[in-house]
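Engineer:
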Amino acid sequence: MPWADIRQTTPTTPPPPSDSLTMTDLQQLLDDCAERVSGIVHIAVVSGDGLPHMLSSGLSRDHADQLAALGSGLASLADGAACVLSGGPVTQLLIDMDDGFLLLVPTGSGHTLAVLTKPDCDIGAIGYEAVLLADAARTALNGPGEERRRPSTAA
């Protein structure tokens, strides 16, 4: 996988309580999760308009732009499908590829957490960590108490 070899490691410290997360804390959580959880290659928080908002260390700008555009587009497509199918809000989207997984988790206000993994990872454990990280991202981006993004039900 071409992106797998460019990650760098960054030492981190424990985050503050989740109801007082800052953007700096969120950056630290992204880097810590990418380093600590086996099988994660990169993590990004991407905006609904396809731009990278926050990236784990070592993700090049070109790859960040690609991941943001893909993550945003796929999240939007999944939201649209959930709306048309009356399936309720999207909680996760998993793309299973020969060389790894792409996991997308909504964080609220149109942002999405994108996690790129190696093929031999424990995707269940990564999914669990991604949900926790998405909740932290939601708090940092929107403040405590903000609900997760919901698909539009307007016709």
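Here the sequence shown stands for residues 1 to 155, numbered as in this note's numbering. Backbone N, C-alpha and C define an ideal beta-carbon position, used for all residues, glycine too. In this text, all values refer to a predicted model and were calculated from it rather than measured experimentally.
1) Does the distance from the C-beta atom of L26 to that of A137 stay below 7 angstroms?
2) For the region 55-63 and the region 123-130, state whether three or more C-beta atom pairs, one from each stretch, are separated by less than 8 angstroms.
3) Does G108 pass the burial test, meaning 16 or more other C-beta atoms within 10 Å, or should it be called exposed?
4) Considering just the uninterrupted stretch of the beta strand (DSSP E) at G50, what are its terminal residues?
5) Can you name the residues that DSSP bridges to D96?
6) Between L93 and the rest of its own chain, which residues show a CB-CB distance below 7 angstroms, the 5 nearest in sequence each way excluded?
7) Give every residue of the same chain whose Cβ lies closer than 6 angstroms to the Cβ of A69, excluding the five residues on either side of it in the sequence, and list them in chain order.
8) Are the beta-carbon atoms belonging to G110 and G48 less than 7 angstroms from one another?
9) Do you know how far the Cα of P119 is from the Cα of P11?
10) Return helix, strand or coil for V41, following the three-state DSSP convention.
11) Using three-state DSSP, classify T22 as helix, strand or coil.
12) With H, G and I counted as helix, E and B as strand and the rest as coil, what does DSSP make of G80?
13) Just how far apart, CA to CA, sit T192 and M54?
14) Leaving out five residues before and five after T123 in sequence, what residues of the same chain have Cβ atoms less than 6 angstroms from its Cβ?
15) Tell me P106's beta-bridge partners as DSSP assigns them.
Structural biologist: The structure says:
1) For the pair L26 and A137, the CB atoms are nearer than the 7 angstroms cut-off.
2) They do not touch, by the three-pair rule.
3) With a threshold of 16 other beta carbon atoms within 10 Å, G108 meets it and is buried.
4) Looking at the DSSP string, G50 is not in any beta strand (DSSP E), and its letter there is neither H nor E.
5) According to DSSP, which records beta bridges pairwise, D96 is partnered with F101.
6) Excluding sequence neighbours, L93 sits near L74, A75, A78 and L104.
7) Close CB contacts of A69 within its chain, under the 6 angstroms cut and outside five residues either way in sequence, are with G50 (chain order).
8) Contact check for G110 against G48 passes: the beta carbons are separated by less than 7 angstroms.
9) Since pLDDT at P11 reaches only 38, below the 50 mark, its modelled position is unreliable, and the value read off the structure follows with that caveat. The alpha-carbon atoms of P11 and P119 are separated by roughly 25 angstroms.
10) Note: V41 maps to strand in three-state DSSP.
11) Coil at T22, not helix or strand.
12) Assignment of G80 by DSSP, reduced to helix, strand and coil, places it in the helix class.
13) Not covered by the structure: residue 192. The range shown for the chain is 1 to 155.
14) First, the amino acid is wrong: residue 123 is Ile here, not Thr. Closer than 6 angstroms at the Cβ level, and outside the excluded window around I123, lie F101.
15) Bridge partners of P106: T112.
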